[in-house]
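Heads up: the protein sequence lines correspond to chains A and B, in order.
Sequential numbering from 276 applies to the first sequence in our numbering.
Sequential numbering from 3 applies to the second sequence in our numbering.
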Amino acid sequence: MKILTKLIYTACLIFTHLYANAQQSIGVDSSYANGHYLQRVDFFKKMPDQVHEVVFLGNSITEGGKWQELFPKVKHVINRGVSGDVTYGILARMDEVLSSNPDKIFLLSGINDVKRGTPNEVIVENFVRLIKLVQSKSPKTQLYIQSVLPVNIAMLPATYSKLSNEKINDLNKSLKDICNTYKVNYINLKPVFADQNGEMRKELTIDGLHLRQASYILWADHLKKIKAL
Amino acid sequence: MSTIKLFFISTLCFCITNVFAQTVKIDSNYANSYYQQRVEYMRKMPHQKNEIVFLGNSITERGEWAEILSDSPFPILNRGVGGDNSFGILARMDEILAAKPRAIFLMDGINDQFRKLPHETSIYNYKRIIQKIKKESPKTKIYLESALPINEEMTKEPYTKGRNVLVPELNKRLKQLAEEENITFIDICPLFQDEEGKLKKEFTMDGVHLKASAYIDWVNFLKAQKYL
Chain A
276 MKILTKLIYT ACLIFTHLYA NAQQSIGVDS SYANGHYLQR VDFFKKMPDQ
326 VHEVVFLGNS ITEGGKWQEL FPKVKHVINR GVSGDVTYGI LARMDEVLSS
376 NPDKIFLLSG INDVKRGTPN EVIVENFVRL IKLVQSKSPK TQLYIQSVLP
426 VNIAMLPATY SKLSNEKIND LNKSLKDICN TYKVNYINLK PVFADQNGEM
476 RKELTIDGLH LRQASYILWA DHLKKIKAL
Chain B
3 MSTIKLFFIS TLCFCITNVF AQTVKIDSNY ANSYYQQRVE YMRKMPHQKN
53 EIVFLGNSIT ERGEWAEILS DSPFPILNRG VGGDNSFGIL ARMDEILAAK
103 PRAIFLMDGI NDQFRKLPHE TSIYNYKRII QKIKKESPKT KIYLESALPI
153 NEEMTKEPYT KGRNVLVPEL NKRLKQLAEE ENITFIDICP LFQDEEGKLK
203 KEFTMDGVHL KASAYIDWVN FLKAQKYL
């Protein structure tokens, strides 16, 4: 008995050690509940659910769009962008998004995860969890996963040093794959925003990542053109 | 009095005026890159009939007006520009008025205080905005809203310090202007300020801007007063 206890204890110790090491070496930062996030979610929860909602879901790029104005003929367009949000943060607030059984969700996320250095495999895993959540809790909702927008490296501030278009392209390739696997709509926004080198077109962005307000008109036009909305 | 003496006195007067003019420096800048890209967008968007326009600075821009008012039969437009001031709003009135909107809810003021614009200048700009609306779109209903107080215990930026004390006087003059111009004045302050006239902590993250849910209270207030 004593030996067995010792063995279990040792095994636990080794496992804990390995686990801690693994955690450290991957170094995934899954935090999201900052002040801005919490006050946005507080608002979302206070707003009544409507029938036939069309949800724009994502980070600051989504939050910055005046979506209702861009789609004046579509009823109940709502902005569920949260500046700074990551895939973990979106997962954590999906209950609020899905409780209205929305008609459509337009999701754009991933760039803040990449900015933190989260490996693409982890980001894609979170997308799979998101897809499964939508499909199980609101099966009639049409989910559109939009490609992560290219960045303009030369224009980016230093805090974005972990971003590269190679990494974004790789991520988008995986996103397209899981969309095929799970029968979800994939929208490639690259043709709208990228120049011939695959960088975000200078004239469309403020800082290499965020969009100038008028760039949202091109985005909305694209969604109309492909009849997603 | 001799001519020389007169000349001396008038020179003195001129000098005093000059010194005065220098102490009340007026910063009328507004066309920063953020402003320009917002206005570029506004100009590209088609006009709609019966627009209800929320006009102002970042406090207006951050409101999810269209969602909160999704039951409105009229299009809801956000015409807030982060950092904008009374000069900047005046300069973009053409775009707003070209649509002949049904109503305009105007809230501004705090950025004028941050740059220490004299109240006379702010009020004069407001007056020009109001008169422009009346002239170019006489059917537009104008709602002039009070400037919001701030909470300096929560702000970090030096330009916010000592400014909240200026807000009540500005609002007094705005109310007076609304009476002179025969338009509706809406005092928003009671909704969001504490008994000392500071922006209540529970409504703000940074002492200046409102949390997203505060706009629900704001809209409910406008509805209760039958302005919406």
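Beta carbons: idealized from backbone N, C-alpha and C, even for Gly.
### Query
Does the segment 199 to 216 of chain B come within contact of the segment 151 to 165 of chain B, defined as at least 3 CB pairs closer than 8 Å?
In short, these stretches touch, since the Cβ pair count reaches three.
### Task
Might you give, ordered along the chain, the residues of its own chain that have their beta carbon closer than 6 Å to the beta carbon of residue 166 of chain B, omitting 5 neighbours on each side?
The residues are 151, 152, 154.
### Query
Roughly how many angstroms lie between the CA atoms of residue 159 of chain B and residue 33 of chain B, to the nearest whole one?
C-alpha separation (whole angstroms): 21 Å.
### Task
Determine the direct distance from the alpha carbon of residue 105 of chain B to that of residue 503 of chain A, and round the result to whole angstroms.
In this model, residue 503 of chain A and residue 105 of chain B are separated by some 32 Å (Cα to Cα).
### Query
Hey, does residue 344 of chain A have any beta-carbon neighbour from chain B nearer than 8 Å?
By the rule that beta-carbons nearer than 8 Å mark a contact, residue 344 of chain A touches chain B.
### Task
Could you spell out where the beta strand (DSSP E) holding residue 55 of chain B opens and where it closes?
Run containing residue 55 of chain B: 54 to 58, per the beta strand (DSSP E) assignment.
#### Entry: Near-chain A residues of the segment 194 to 212 of chain B (beta-carbon distance less than 7 Å), N- to C-terminal order
Here the close residues are 207.
### Task
Could you tell me the boundaries of the beta strand (DSSP E) in which residue 159 of chain B lies?
It is not in any beta strand (DSSP E) - residue 159 of chain B carries neither H nor E in the DSSP assignment.
### Query
Which residues mark the beginning and the end of the alpha helix (DSSP H) in which residue 175 of chain B is found?
Its alpha helix (DSSP H) spans residues 169 to 183.
### Message
What are the residues in the segment 38 to 60 of chain B lying within 7 Å of chain A by C-beta distance?
### Response
Under the 7 Å Cβ criterion, the segment 38 to 60 of chain B contributes 39, 40, 42, 43, 46, 47, 50.
### Task
May I ask you to list, following chain order, the residues of the segment 481 to 496 of chain A that have a beta carbon less than 8 Å from some beta carbon of chain B?
Close to chain B, meaning a Cβ-Cβ distance shorter than 8 Å, are the following residues of the segment 481 to 496 of chain A: 481, 487, 488, 489, 491, 492.
### Task
Using a Cβ-Cβ cut-off of 8 Å, state whether residue 402 of chain A counts as contacting chain B.
Residue 402 of chain A is outside the set of residues whose beta carbon lies under 8 Å from a beta carbon in chain B.
### Query
What does residue 347 of chain A reach in chain B if we use C-beta pairs closer than 7 Å?
In chain order, 50, 77 make up the part of chain B whose C-beta sits under 7 Å from the C-beta of residue 347 of chain A.
### Message
Nearer than 7 Å: is that true of the beta carbon of residue 446 of chain A relative to any heavy atom of the ligand COA?
### Response
The model on display carries no ligand, and the ligand COA is accordingly not part of it.
### Message
Please report the straight-line C-alpha distance between residue 348 of chain A and residue 172 of chain B, rounded to a whole angstrom.
### Response
Cα to Cα, residue 348 of chain A sits roughly 40 Å from residue 172 of chain B.
### Query
By how many angstroms is the C-alpha of residue 361 of chain A removed from the C-alpha of residue 274 of chain A?
For residue 274 of chain A there is no data in the structure shown, the boundaries of chain A being 276 and 504.
#### Entry: chain B residues whose Cβ lies nearer than 7 Å to that of residue 322 of chain A
The contacting residues are 69.
### Task
May I have the straight-line CA-CA distance separating residue 203 of chain B from residue 190 of chain B, to the nearest angstrom?
Cα-Cα distance, rounded: 16 Å.
### Query
Can you list, in chain order, the residues of its chain whose CB lies under 7 Å from that of residue 84 of chain B, leaving out five sequence neighbours each side?
The residues 36, 59, 60, 63, in chain order, have a CB closer than 7 Å to that of residue 84 of chain B in the same chain once the five nearest residues on each side in sequence are set aside.
### Message
Just verifying my parser: in three-state terms, what is the DSSP assignment at residue 106 of chain B?
### Response
For residue 106 of chain B, the secondary structure class from DSSP, reduced to helix, strand or coil, is strand.
### Message
Give me the subset of the segment 126 to 150 of chain B whose CB atoms are less than 7 Å from a CB atom of chain A, sorted by chain position.
### Response
Taking 7 Å as the upper bound on Cβ-Cβ separation, chain A lies near no residue of the segment 126 to 150 of chain B.
#### Entry: Cβ of residue 327 of chain A within 8 Å of any chain B Cβ
No Cβ of chain B is located within less than 8 Å of the beta carbon of residue 327 of chain A.
### Query
If we count the other Cβ atoms within 10 Å of its Cβ and call it buried at 16 or more, is residue 195 of chain B buried or exposed?
Burial call: buried.
### Query
Where does residue 403 of chain A land, buried or exposed, given buried means 16+ other C-beta within 10 angstroms?
With fewer than 16 Cβ atoms within 10 Å of its Cβ, residue 403 of chain A is classed as exposed.
### Message
Considering only their Cβ atoms, is the gap separating residue 420 of chain A from residue 373 of chain A smaller than 8 Å?
### Response
In this structure, residue 420 of chain A does not lie closer than 8 Å to residue 373 of chain A by Cβ.
### Task
List the residues that DSSP assigns as beta-bridge partners of residue 419 of chain A.
Its beta-bridge partners are A/381, A/460.
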